[in-house]
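Comments concern the structure below.
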Amino acid sequence: MHIPQRIAGFALLAPLLLVTACSGSSGGDTAGASTGPGATTPAVLPARTALERTALVPGDVPGFTVTAGDAAGAAADATAADKRACQPLADLLSGRPPAGAKETVPRALAPAGQKMPGAGVTVTLSAYGSGGAQKAVAALRTAVHACAAGFKPVIGGVTGVPVAVAPRPALELGDDDLRFALGFAAGGSGARQDFVVIRTRSTVSIFRGADVTLAKSYDVPPAVVTAQLKKLGAPVTKRR
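So for the sequence shown, the numbering used here puts the first residue at 734; every next one is plus one.
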């Protein structure tokens, strides 16, 4: 049995499983209503707090379904890193935001009409106190550089296959941002997940793109990033 490999794969894919489960549902949870042709009326997602009101809802991104994510589930699935410096990245594999968040609102998106399982994006908005958002982005940037040689995820005391860490050119959006890829060689596909992290004032947006089949890599679509920045009232052009 290749338990470590399977566990590593789960750590990388857990949040994206929510994307396929929600967007592929044909009934039950109305939060998964599609915005595609012939779809039912989009459900209204919670908008009780200021942060929830800035999160994406059905209709915000043409061609994509938008559903509520599962913050409680992410909090319950803990992934540790075999290297302390890499823990911020291991947290992302569990769907957890950088430490210190006062509120978190997750969203799950998938291309409308695609066959499941397939590609998807999770967007996690996290609100921080004074200086907290800056520290959160700085911690991730430090971890990406410190873990260039990769790290191993540990779940339930079992160590998984190595996770590769690769910096990518930043989009230069928001007040600060970075981009990197996490991936592993399970199954020999070499598929990676794309992470885009953008700070807008005291809010940190984390975009995660992946194909849950591991057959290929999937970048975060620019349209998703643009739509979220607009909801946050942030410029959608590069910083000068």
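Glycine included, C-beta positions come from ideal geometry on N, C-alpha and C.
The beta strand (DSSP E) with R979 in it runs from where to where? It is not possible to answer for residue 979, since the shown part of the chain is limited to 734 through 973.
Which residue comes first and which comes last in the beta strand (DSSP E) that contains A962? For clarity, residue 962 is Leu in the given sequence; the question names Ala instead. Unbroken run through L962 is the alpha helix (DSSP H), 955-964; no beta strand (DSSP E).
Quick check on the DSSP output: what are the complete alpha helix (DSSP H) runs of length 4 or more inside the stretch 794-870, in order along the chain? Given a length threshold of 4 residues, each whole run of the alpha helix (DSSP H) inside the stretch 794-870 is given here in chain order: 804-809, 820-826.
For the beta strand (DSSP E) holding V896, just list the boundary residues, first then last. Counting along the chain, V896 falls outside any beta strand (DSSP E), and DSSP gives it neither H nor E.
Per-residue DSSP class, three states only, for R874: helix
May I ask you to report which of helix, strand or coil DSSP gives A788? coil
Might you give, ordered along the chain, the residues of its own chain that have their beta carbon closer than 8 Å to the beta carbon of G851, omitting 5 neighbours on each side? T753, A843, P844, D944, V945, T946
Express the C-alpha separation of R912 and A903 in angstroms, rounding to a whole number. 5 Å
Between the Cα of A860 and the Cα atoms of G966, S935, D910, K949, which residue gives the shortest distance? S935
Would you tell me roughly how many angstroms separate the C-alpha atoms of A780 and P955, rounded to the nearest one? 24 Å
V1007 versus T959: straight-line alpha-carbon distance, rounded: Outside the shown range of the chain (734 to 973) lies residue 1007, about which nothing can therefore be said.
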